[in-house]
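Colleague:
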Ligand SMILES: Cc1cc2nc3c(=O)[nH]c(=O)nc-3n(C[C@H](O)[C@H](O)[C@H](O)COP(=O)(O)OP(=O)(O)OC[C@H]3O[C@@H](n4cnc5c(N)ncnc54)[C@H](O)[C@@H]3O)c2cc1C
Ligand code: SF4
Ligand code: SF4
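What follows is the structure, encoded as structure tokens:
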């Protein structure tokens, strides 16, 4: 399976990855020109946090081999596809119990800001060959690697 | 070789799936009283009318065929003869096994209050049949009395309020959700529930239920302060007991539930147990993990339960979300506390010598998952930051060559 590798030293916090993610998941269209940045419904699945020395740190879903979010999910909404290794969220199943938010060991997950009813979760950009965040990082701070299933 | 699994819920289903992943050949048979697979944690959504019974399944409809699983459903196990490796079902069928998993969960128990047992309008909330019986008794405008303001009681109360009933909650502790919340967080729920029309009594006990004649429905309950509360139905939510009634053979070691080691093996070879039946803290993620560990060992791949941490709860009632981890109160003055309370957002962190022992986050729980790890692993936070509520995983960031995140010990 593929995973987004992170080279924290190369990240300068330009947020191109987050904008790319917002544009890719915008129901109004995928072009960056239709992305309304003031609409709280446009949320990024990844985020750049500052570590304690103020250094930008990319925090992206790992699509874990034994995902805590899936183990904790009591509705079947979070599941891992053994064939692709992707951990996928199905909002129509979700009971909004937020056990997954509490259980992701890296604090990746959150509920949507506007309604606090569904989970904002990386889907590896579905059919896309390369996730849009990876494509848009100008610093090669995030890139794809092939890893064995774990 | 034949695997048999008693119970088709969190533990049993995950065990079956794990065995099938590791062993594509041998027969796997599940036996359950339940005649469908569903998430008990969502039963209150059915009471509220927000979900159908099909809507609370946590597996896909073709789960059993996809994983080539046999399933005897709607029939309970009556007896197990471990020496012969044989199970007798309630319908007198006899089933042989080579490796057995007992994942029969737990049942709700009634509190020992005079007048409750046997009354036709007194219910617990654990199975679909409970929901169907509650549904038949619960009509808008009626008064439902909920005994116990733990997670199940509060779920039931929320479901009944949403269905339009008048709800009275009685809790003997001094607040709602006493095991999960402190006073501030609990009182925020109390306000919400009262605004939704509920009546809340805390710090009181019920001394007796007053039925109408012998074996008739409960019409009111009396509290220890003398108050009499009339009601049309009663939901008792005061705790669960492991389902071990069908184990009559004394060769199996028990404590509160079935005793297991960290591989989920019982005191007998080839007999495993997982989930609420082990009598450990009865939460969904632990049942799933125990099921995965048991299934793996049953299929010959050694695996240990490395994570028994269960002091974690996520609550989302009447649109207010709260998570609670570890301690709710500082046990003594040597612990310090950081709190934040504004615009309905409430946060509290209990710590000592840079180690966090308890976290409560209300209304703002985004990306809080790293706290579970910090508390579980007792990761020291040094130096203590100016604003502890700004902390996130970046403070612990470390990445393995395969791209997995890890936790850097020191900051
Ligand atoms: C209303 C409610 C809300 C909850 N909310 C939460 C929550 O928000 N978060 C959380 O972490 N946990 C929650 N829980 C707890 C959670 O549901 C349990 O921890 C979990 O279901 C345990 O799974 P299990 O597989 O061990 O057993 P169970 O889910 O109890 O399943 C037991 C299985 O065994 C079968 N069985 C029982 N006896 C027999 C027998 N004699 N013969 C054959 N089969 C038998 C049953 O039919 C069933 O299939 C909630 C529980 C309830 C009731
Ligand atoms: S959300 Fe968290 S636990 Fe789930 S796959 Fe992503 S990193 Fe792993
Ligand atoms: S919030 Fe939804 S996806 Fe997350 S654990 Fe609960 S049901 Fe599963």
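Protein chains in written order, with our numbering: chain P, 153 to 302; chain A, 41 to 451. Ideal placement from N, C-alpha and C gives every residue a C-beta, glycine not left out. Please read all numbers here as calculations on a predicted model, not as lab measurements.
Pull up the DSSP beta-bridge partners for residue 103 of chain A, would you.
Modeller: According to DSSP, residue 103 of chain A bridges with nothing at all.
Colleague: With a threshold of 9 Å between beta-carbons, can residue 218 of chain P be considered close to chain A, or not?
Modeller: Closer than 9 Å: yes.
Colleague: Spatial neighbours of residue 203 of chain A within its chain, please: C-beta separation below 7 Å, excluding the five flanking residues on both sides.
Modeller: Same-chain partners within the cutoff: 87, 88, 89, 178 and 180.
Colleague: Would you mind telling me which residues of chain A sit closer than 7 Å to residue 262 of chain P, beta carbon to beta carbon, in chain order?
Modeller: Result: 406 and 407.
Colleague: Which of helix, strand or coil does DSSP assign to residue 67 of chain A?
Modeller: Residue state, collapsed to three classes: strand.
Colleague: Give me, in chain order, the residues of the same chain whose beta-carbon lies closer than 7 Å to that of residue 265 of chain P; leave out the 5 immediate sequence neighbours on both sides.
Modeller: Answer for residue 265 of chain P: 192 and 195, listed in chain order.
Colleague: Closest to residue 178 of chain P by CA distance: which of P:272, P:292, P:290 and P:294 is it?
Modeller: Residue P:272 is the option with its Cα nearest to residue 178 of chain P.
Colleague: For residue 118 of chain A, return the contacting residues in chain P, with the cut-off set at a CB-CB distance below 7 Å.
Modeller: Ordered by position in chain P, no residue passes the 7 Å Cβ test against residue 118 of chain A, which lies about 29 Å from the chain.
Colleague: Which residues bound the beta strand (DSSP E) around residue 44 of chain A?
Modeller: Taken as a continuous stretch (DSSP letters only), the beta strand (DSSP E) holding residue 44 of chain A covers 42-46.
Colleague: Please say whether residue 254 of chain P and residue 409 of chain A have beta carbons closer to each other than 9 Å?
Modeller: Yes, the Cβ-Cβ distance between residue 409 of chain A and residue 254 of chain P is below 9 Å.
Colleague: Mind checking which residues open and close the alpha helix (DSSP H) that includes residue 220 of chain P?
Modeller: 220-224 is the extent of the alpha helix (DSSP H) around residue 220 of chain P.
Colleague: Shorter than 9 Å from the beta carbon of residue 224 of chain P to some beta carbon of chain A?
Modeller: Interface residue, yes.
Colleague: Using the rule of at least 16 other Cβ atoms within 10 Å of the residue's Cβ for burial, across every protein chain shown, is residue 291 of chain A buried or exposed?
Modeller: Under this definition residue 291 of chain A is an exposed residue.
Colleague: Can you tell me whether residue 372 of chain A is buried or exposed, with buried defined as 16 or more other CB within 10 angstroms of its CB?
Modeller: Residue 372 of chain A is exposed by the Cβ-count criterion.
Colleague: In the DSSP output, what is residue 163 of chain A paired with across the bridge?
Modeller: Note: residue 163 of chain A sits in a beta bridge opposite A:275.
Colleague: Give me the DSSP bridge partner(s) of residue 157 of chain P.
Modeller: Note: residue 157 of chain P sits in a beta bridge opposite P:295.
Colleague: Report yes or no: is there a C-beta of chain A within less than 9 Å of the C-beta of residue 247 of chain P?
Modeller: Yes, its Cβ sits closer than 9 Å to a Cβ of chain A.
Colleague: Residue 378 of chain A bridges to which residues according to DSSP?
Modeller: Paired residues: A:389.
Colleague: Residue 51 of chain A and residue 145 of chain A - do their beta-carbons sit closer together than 9 Å?
Modeller: Contact: yes.
Colleague: Checking 9 Å against the spacing of the C-beta atoms, do residue 142 of chain P and residue 205 of chain P come in under that value?
Modeller: Beyond the ends of chain P as shown, which are 153 and 302, falls residue 142 of chain P; an answer cannot be given.
Colleague: Do residue 229 of chain P and residue 243 of chain P have their C-beta atoms within less than 9 Å of each other?
Modeller: Contact flag set, yes.
Colleague: What does residue 442 of chain A reach in chain P if we use C-beta pairs closer than 9 Å?
Modeller: The contacting residues are 155, 157, 297, 299, 300 and 302.
Colleague: Residues in its own chain within less than 6 Å of residue 472 of chain A by CB, not counting five upstream and five downstream?
Modeller: No answer is possible for residue 472 of chain A: it lies beyond the span of chain A, which begins at 41 and ends at 451.
Colleague: Quick one: Cα of residue 428 of chain A to Cα of residue 435 of chain A, how far?
Modeller: Taking the straight line joining both Cα atoms gives about 11 Å.
Colleague: Is residue 227 of chain P close to ligand 3? I mean its beta-carbon at under 8 Å from any heavy atom of the ligand.
Modeller: True, at least one ligand heavy atom lies under 8 Å from that Cβ.
Colleague: For chain A, find out if any of its Cβ atoms is closer than 9 Å to the Cβ of residue 228 of chain P; answer yes or no.
Modeller: So yes, residue 228 of chain P belongs to the interface.
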